[in-house]
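Chemist: The numbering used here puts the sequence shown at residues 12 to 358.
Just so it is clear, CB atoms sit at the ideal spot from N, CA and C, and this is done for glycine as well.
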Amino acid sequence: MPTPTSAKRRIGVLLVNLGTPDSPQTPDVRRYLNEFLTDARVIDMPAAVRYPLFQGIVVPLRAPKSAKIYQQLWTERGSPLLYHGLDLQRLVQEKLGPEYVVAFGMRYQKPSIEKALEELRDAAVDRIIVLPLFPQYAAASTGSVQEKVMEIVGKWWVVPSISFISTFTDDPGFIASFATLGKAEMAKRDYDHVVFSYHGIPERHVLKGSFKGYCQLGKCCNTYNKNNRYCYRAQCFETSRLLAKELGLDEDQYTTSFQSRLQSRLRDPWLQPYTDEVLKGMPAKGIKNVLAFSPAFVADCLETTIEVGLEFKELFEQAGGEHWQLVPSLNATPQWADAVTDMIRRN
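1) Could you have a look at PHE189 and say whether DSSP puts it in helix, strand or coil?
2) Taking GLN336 and LEU302 to be in contact with their CB atoms under 8 angstroms, please state how far apart those CB atoms are, rounded to whole angstroms.
3) By Cβ distance, which residues of its chain are closer than 7 angstroms to GLU125, with the 5 residues on each side in sequence left out?
4) For PRO171 versus ASP137, is the C-beta distance shorter than 9 angstroms?
5) Within a Cβ cutoff of 8 angstroms, which residues of the same chain sit near VAL289, ignoring the five residues on either side of it in sequence?
6) Reducing DSSP to helix, strand and coil, say where SER123 ends up.
7) Need the endpoints of the beta strand (DSSP E) that LEU282 sits in, please.
8) How is the beta strand (DSSP E) around PHE207 delimited, first residue to last?
9) Taking the alpha-carbon positions, what's the VAL24 to ILE298 distance?
10) Any idea which residues DSSP pairs ILE22 with across the strands?
11) Residues in its own chain within less than 7 angstroms of ILE80 by CB, not counting five upstream and five downstream?
12) Which runs of the beta strand (DSSP E) fall wholly inside the stretch 279-337 and span at least 3 residues, in chain order?
13) Quick check on DSSP: helix, strand or coil for SER77?
14) Go ahead and label ARG276 buried or exposed: buried means 16 or more other beta carbons lie within 10 angstroms of its beta carbon, across all protein chains shown.
15) Within 10 Å of its beta-carbon, does LEU93 have 16 or more other beta-carbons around it, so buried, or fewer, so exposed?
16) Comparing alpha-carbon positions, which option in LEU228, SER208, LYS223 lies nearest VAL217?
17) Taking TYR43 as part of the alpha helix (DSSP H), name the residues at either end of that continuous run.
18) State the DSSP-derived secondary structure class of PHE145, mapped to helix, strand or coil.
19) For PRO280, which residues in the same chain have their Cβ closer than 6 angstroms to its Cβ, ignoring the five residues on either side in sequence?
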């Protein structure tokens, strides 16, 4: 008697990045900022304060300025964050093969997480692996993606098994991929110092997530352990240590710092030291040639190409520095696609 056979099960993979406006024009940038800056995990204020403040004051003032910056970033292919994400999706799909279905979505704007999840549901996947493309876990990035996914899938009548890759701070493939790009730049010239610049978050975000009051915003980040595994600050310092080791750097040859703070508007302390303040003091110490990494980002965006690559370069040169070089993001390099594929298969 023949043995019954069942259809081959497929695994769904959802890659998610932060988001981008549909265009660098002010109305599209305003829509993007409205969605982004009213997320309660990004701006953890009561809704009665958050919406009027940001939709009524902050976003209208900020959107025209941000649009001008996005125009600097935009290419013939559009937003780098979007097309690098789509390129990565394609490469990972090719590497994983037909047993997997890989979708790509953005937390804010298009392509939406909801649309990407619908693609996976239409493909009748047996389970879903969600990989937010943020190396270090933060409630305002990875946590927001996880919350959104659960909100959407929670409305489905049939909910498949879902797992999250919440952090890849110390993933060997991630570290090796960034180190390869750094070594390529270091082969071109000698650098006095290396800066690892991470996106900043308010100190209160770190303290709110502290395990049993473990976090002291200081020496507690000197080691990475079970007590601070999901502490954003501790993860950043761990990524720096691992990258430094891979690059052959001693402790005095690199600095970990934080960028993109909104402290001037919210009057609230963000993670320190601040990259812009650190780099201004370097030339006086004899540090004239600096190689900069942005290891909180896996694709080129405003915070890497414009802020670190151009604005920080200008500040450094104004302070007396001679050469400031940004290491490009991982984007859709083959080595990074291999690392993502390995993370998914291990999961």
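Modeler: Looking at the atomic coordinates:
1) For the purposes of this step, residue 189 is taken as the residue at position 178 of the sequence shown. Residue state, collapsed to three classes: helix.
2) Position 325 of the sequence shown holds residue 336. Position 291 of the sequence shown holds residue 302. So it is a contact: roughly 5 angstroms between Cβ atoms.
3) The residue given as residue 125 occupies position 114 in the sequence shown. Same-chain partners within the cutoff: ILE163.
4) Locating residue 171 in the sequence shown gives position 160, where the first residue counts as 1. Locating residue 137 in the sequence shown gives position 126, where the first residue counts as 1. ASP137 sits close to PRO171, with the two beta carbons spaced by under 9 angstroms.
5) Locating residue 289 in the sequence shown gives position 278, where the first residue counts as 1. Cβ neighbours of VAL289 beyond the five flanking positions: VAL206, THR266, SER268.
6) The count along the sequence shown starts at 1 and reaches residue 123 at position 112. SER123: strand per DSSP, three-state reduction.
7) In the sequence shown, the residue the question calls residue 282 occupies position 271. Element bounds for LEU282: n/a, residue is neither H nor E.
8) In the sequence shown, the residue the question calls residue 207 occupies position 196. Residues 204-210.
9) As a first step, residue 24 is located in the sequence shown; it is residue number 13 there, counting from the start. As a first step, residue 298 is located in the sequence shown; it is residue number 287 there, counting from the start. Rounded to whole angstroms, VAL24 to ILE298 spans 44 angstroms at the Cα level.
10) Translated into positions along the sequence shown, residue 22 becomes position 11. For ILE22, which the question treats as bridged, DSSP gives the partners TYR111, ARG138.
11) The residue you call residue 80 lines up with position 69 of the sequence shown. Once the five neighbours on either side are set aside, the close Cβ partners of ILE80 are LEU313, ILE317.
12) 300-304, 334-337
13) Against the sequence shown, residue 77 aligns to sequence position 66. Three-state DSSP puts SER77 in a helix.
14) Here residue 276 is taken as the residue at index 265 of the sequence shown, counted from 1. With a pLDDT of only 46 at ARG276, under 50, the local geometry of the prediction cannot be trusted, and no value is derived from it.
15) The residue you call residue 93 lines up with position 82 of the sequence shown. Answer is buried; the Cβ neighbour count reaches 16.
16) Working through the sequence shown from its first residue, we reach residue 217 at position 206. Nearest option by C-alpha distance: LEU228.
17) Looking up residue 43 in the sequence shown gives position 32. Per DSSP, TYR43 belongs to the alpha helix (DSSP H) from 37-48.
18) Here residue 145 is taken as the residue at index 134 of the sequence shown, counted from 1. Reduced to three states, the DSSP call for PHE145 is coil.
19) Working through the sequence shown from its first residue, we reach residue 280 at position 269. Answer for PRO280: GLU214, listed in chain order.
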